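These notes concern the structure reproduced below.
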Amino acid sequence: MTTGIIITLAGLLMIVTRGPLIWNPGGWRTKLLSLLDTDAKFRRLGLIMALVSVICYVLTMNDLTMPGQLVRWFSAIIFALTVVWAIFPSPLRQLAVNIWNMFSETVLRVIGVFAVLIGIWLVYVGGTLVGAAIAA
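In the working numbering, the protein residues as written are 388 to 523.
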């Protein structure tokens with residue numbers, strides 16, 4: 388059941404954070420790039436991601452189902468990336484800013500649509516897992 392809740396929350400987070408790319412891609416890009424202004428902000432964002440990945444990893448430790456294994460592996464990969472992120476903030480921050488600035492507004496809208504569709508799918512899968520756990 389915990390895995391289903393984590394997957395549902397990840398889907399909702401994707402919908403909420405990438406949905407604005409559909410309607411206002413330029414403004415949302417500016418808002419996201421404000422999170423990457425300095426190395427300290429970039430490290431803070433990485434620390435938050437590291438904490439969330441560790442929490443997700445620990446919560447799915449006893450879940451031996453395939454979704455539980457996938458959440459655990461994804462959490463471990465995100466944690467490893469955030470460790471690299473903390474060690475090399477300047478080059479990775481500059482890379483992230485360059486990647487975000489590379490996309491036109493049309494491409495950002497398409498990315499927003501696909502991200503929202505993936506988020507809806509994650510909410511569906513997570514809800515199905517929670518429903519199956521409740522029914523069992």
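Beta carbons are placed, not taken as given, at the ideal position from N, Cα and C, and that holds for glycine.
If you're wondering where the values come from, they're calculated on a predicted model, not measured in any experiment.
When C-alpha distances from residue 407 are compared across 514, 502, 508 and 509, the shortest belongs to 502. Counting other Cβ atoms within 10 Å of its Cβ, residue 442 stays below 16 and is therefore classed as exposed.
Non-local beta-carbon contacts of residue 447 in its own chain, meaning distances under 6 Å to residues more than five positions away in sequence, involve 390, 455, 458 and 459 in chain order. Between residue 402 and residue 506 the beta-carbon gap is near 4 Å, inside 8 Å, which marks them as a contact. The continuous alpha helix (DSSP H) containing residue 440 extends over residues 426-446. By the C-beta criterion, the segment 422-440 is judged to be in contact with the segment 473-484, since at least 3 inter-stretch pairs fall below 8 Å. For residue 504, the closest C-alpha among the options 424, 469 and 409 is that of 409.
Within the same chain, and ignoring the five residues on either side of residue 518 in sequence, no residue has its Cβ closer than 6 Å to its Cβ. DSSP places residue 513 in the uninterrupted alpha helix (DSSP H) bounded by 492-522.
The straight-line gap separating the alpha-carbon atoms of residue 513 and residue 522 is approximately 14 Å. When secondary structure is reduced to three states using DSSP, residue 489 falls in the helix class. Between residue 484 and residue 438, the CB-CB gap reaches or exceeds 7 Å. Contact between residue 469 and residue 440 is confirmed by a C-beta separation of about 7 Å, below the 8 Å threshold.
Each of 397, 400, 388 and 412 was checked against the Cα of residue 496, and the nearest Cα belongs to 412.
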